[in-house]
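To start, the structure itself, in C-alpha cells.
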Amino acid sequence: MLLLCPVRGCHRALTRDARRAVCPQGHSFDVARSGYINLLQPQERRSKHPGDTVAAVAARRRLHDRGVTEPLLRGIAEMIAAGPSDVVGDVVLDAGCGDGFYLGSLARQIGFDAHGVDISIPAVDAAAKRYPPGERMEWIVANADRFLPYADRSFSIVLSITARMNAGEFRRVLRNDGRLLVALAAPEDLIELRRTGRDRGDRTVETFANDFTLVDRRRVTTSADLDSAAVQDVLLSIYRPMRARPAEAMRVTFSLDLLLFRPR
Ligand SMILES: [Zn+2]
C-alpha cells in the first residue's frame, strides 16, 4: 500500500524500510518496534488529546476478550459479506481503528488486506502487538481528522466504527465501486450507564449525503451480565463516564447502528 507524507502541502509518496518512512522532501517518520508507522507530526504529538489512553485501550481490550462485543463484530461481518464484491480480495481501511479488534478480527476471519489508522499511539501499538503487521496487515498512527495518508481510490471498503468521521477523505480514498460502513453507538448503547442515548443515524446520513448514498441500515444489539470489574472497564473505555459512583455488577446493553453507503 502506498503511503503519503502527512505534512501539509507535501503529500508525496513515502519510501519505506524497516526503520523509517521518508518522502522526497526529507520528511521522515519512524517505524515502531511493534511494526506500526508513526505519521504524527511534532505538533500533533504534543497535542493534549492524542486519542485513547493506555488505560482506555486496556479496558476495551478486556471487554473484547470477555466476548461481550462478539455479536457486534458478527453484525459488521454480515453487513460486509452481504455486498456483491469479492470480500477476500477486498482492501479494507479502518479509519479510527482503535486497538484493532474489529479490523484484526475481520481480517483473520475473512482474509482481506487490512489497513488500520488511528491517532492514539497506545491503541495502535496494542493493535500491532495483537495482530502483527505483515503483507496483508498494516497499522498507522496518524491524524485522520485532517488527512488520510493514502492515495486516492486505494480501498474497496472503508470502515468507521464508533470513530470520528471525515466524509471527504473517506470518499477520496475509496474506489468508485467501493463501500463505506459507518457504525454509530445506537441510542440504547450503554443506556444503563448513561443518562440518555441519542439517535445520530439520520444526521450522519445527511452529513455524508454530498459524497455517499445510504444502501443499507441495520441495528445490532446485545447485552451482557457484567461483574463490577467489567462495568468499571466499560466506564474506563468511554470518553465521559457519567457516574461518579463505584461500579457495581449489572446487565449492560451494547448496541450499534450500522450504515452502509455507496459513493455517489
Ligand atoms: Zn513530505
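My numbering applies: residue 0 is where the sequence shown begins, and numbers increase by one. The beta-carbon is built from N, C-alpha and C at its ideal position, and this holds for glycine as well.
Spatial distance of residue i from residue j (CA atoms)
i: Asp-232; j: Arg-194; result: 18 Å
i: Arg-170; j: Asp-112; result: 19 Å
i: Phe-154; j: Val-91; result: 6 Å
i: Glu-134; j: Val-172; result: 20 Å
i: Leu-255; j: Gly-25; result: 43 Å
i: Gly-167; j: Asp-210; result: 7 Å
i: Met-249; j: Arg-199; result: 26 Å
i: Val-53; j: Arg-44; result: 15 Å
DSSP-derived helix/strand/coil call for residue i
i: Asp-224; result: strand
i: Leu-13; result: coil
i: His-63; result: helix
i: Ser-153; result: coil
i: Glu-191; result: coil
i: Met-167; result: The residue asked about is misnamed: residue 167 is Gly in this sequence, not Met. Reduced to three states, the DSSP call for Gly-167 is helix.
i: Ile-160; result: strand
i: Leu-180; result: strand
i: Pro-262; result: strand
i: Gly-88; result: helix
i: Val-233; result: helix
i: Glu-69; result: helix
i: Asp-201; result: helix
For residue j and residue i, believed in contact at Cβ under 8 Å, the rounded distance
i: Val-94; j: Val-157; result: Reading off the sequence, residue 94 comes out as Ala, not Val. Sure, about 6 Å apart at Cβ, within 8 Å.
i: Phe-100; j: Leu-179; result: About 20 Å; that fails the 8 Å criterion.
i: Arg-202; j: Leu-258; result: Not a contact, Cβ separation roughly 11 Å.
Outcome for residue i when other beta-carbon atoms lying within 10 angstroms are tallied against a minimum of 16
i: Glu-77; result: exposed
i: Arg-60; result: buried
i: Glu-247; result: exposed
8 Å Cβ cutoff, residue i in contact with chain C
i: Asp-226; result: Chain labels in this structure do not include chain C; a single protein chain is all it has.
Check: residue i C-beta below 7 Å from any heavy atom of ligand 2
i: Arg-11; result: The model on display carries ligand 1 but not ligand 2.
Can you confirm whether the region 95 to 112 touches the region 53 to 71 when touching is taken to mean that 3 or more C-beta pairs between the two stretches lie within less than 8 Å? yes
Below 8 Å, can you find three or more Cβ-Cβ pairs linking the region 180 to 198 to the region 112 to 130? no
Quick test of the definition: if touching needs 3 or more C-beta pairs under 8 Å, does the region 137 to 153 touch the region 36 to 46? yes
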